[in-house]
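Residue numbers (the working numbering): 10 to 230.
Even glycine gets a Cβ: it sits at the ideal position worked out from N, Cα and C.
What follows is a single structure, written as C-alpha cells, with notes after it.
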C-alpha cells in the first residue's frame, strides 16, 4: 500500500507512474491528501484543547485552595466544554482516517521504471528472455492434462477441500512440489537472501499493508 508520505512528497510522480498502468489516480490522491490535511488539522486542535484542559485543571485546584468556589465551578464548566469538543474532534478524526484508508487501498503499487504505458497484454514489451526458446513436440500436453494423466495433482479435490486455486499434490507431484520449494530457497539463499518462515495466518492489517486486501478478499478463508 502506498504511504501518505509518498503521496504528499511525490504527488505528481505517483499520479504519472500509475497512469503508466492506465490508472487515473488523481481524484483518489487529491481526496486522500485533503482528508490527511483535515486529519492533521483535527490533531492540532485536539492537542491544543488537551493543553487547555490541563491548564484549566491546574487553575481549578488553585482556585479551590484560594476559596474561590464560584470561579472554580466556572473553570470546571469550561473543562467540560473542552472535553465535549475533544470528543467531537476524536469522533470526526476516526471518520476521516477510516475514509482515508478506504481510498488508499484503491491505489495500486507503482510499476517498475522499465514498464511502459499500456492498456492491455498487447502493449506488453519483451525486455529479456533467458535460455533458448523451447520447441514443444507435436501433441505436447498442457500441465493440467499431464497432472491428470499421471495422477500427480488433483485440482477437483482441492476445490472440495478448500476452494479454487488450492490443488492437492499427490505422490511424485508432492515430491516435485517439495523439491521446487527447496530449489527456490537454496538458490535465493546462495544469492544473498535471508530465509524467513513467517506465521501461516496473518491479520487484516497485514493483508491491507501488502495490498492483498481488499482486492483478494473474496479468495480468502
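Which residue marks the beginning of the alpha helix (DSSP H) containing residue 192, and which one marks its end? From DSSP, the alpha helix (DSSP H) with residue 192 extends over 181-199.
Secondary structure at residue 29, three-state DSSP: helix, strand or coil? The answer is helix: DSSP assigns residue 29 an H, G or I state.
State the Cα-Cα distance for the pair residue 85 and residue 58, rounded to the nearest angstrom. If I take the Cα positions, the gap works out to 14 angstroms.
Burial state of residue 67, where buried means 16 or more other Cβ atoms lie within 10 Å: Residue 67 should be labelled exposed.
State whether the segment 32-43 contacts the segment 119-133, with contact taken as three or more CB pairs (one from each stretch) at a distance under 8 angstroms. No: fewer than three Cβ pairs fall under 8 angstroms.
Please classify residue 48: is it buried, with 16 or more other beta-carbons within 10 angstroms of its beta-carbon, or exposed? Classification for residue 48: buried.
Check the DSSP bridge columns for residue 162 and list the partner residues they point to. The partner list for residue 162 (beta bridge, DSSP) reads 178.
Are the CB atoms of residue 161 and residue 185 within a distance shorter than 9 angstroms? Between residue 185 and residue 161, the gap from beta carbon to beta carbon is short of 9 angstroms.
Is the beta carbon of residue 174 closer than 9 angstroms to that of residue 221? By the CB criterion at 9 angstroms, residue 221 and residue 174 fall outside the cutoff.
Which residues in the same chain as residue 34 place their Cβ atom closer than 7 angstroms to its Cβ, once the five residues preceding and following it in sequence are excluded? Within the same chain, Cβ atoms closer than 7 angstroms to the Cβ of residue 34 are found at 23, 24, 27, 116, the five residues on either side in sequence being excluded.
Can you tell me the Cα-Cα spacing of residue 158 and residue 168, whole angstroms? Distance between the alpha carbons of residue 158 and residue 168: 19 angstroms.
Going by beta-carbon coordinates alone, are residue 65 and residue 87 separated by less than 9 angstroms? Contact: yes.
Using three-state DSSP, classify residue 12 as helix, strand or coil. It is coil, neither helix nor strand.
What's the gap between the Cα of residue 207 and the Cα of residue 215? Near 12 angstroms, if we compare the C-alpha coordinates of residue 215 and residue 207.
In this structure, does DSSP put residue 134 in helix, strand or coil? Three-state DSSP puts residue 134 in coil, outside helix and strand.
At the level of alpha carbons, what is the spacing between residue 51 and residue 60? Using only the alpha carbons, I get a separation of about 14 angstroms.
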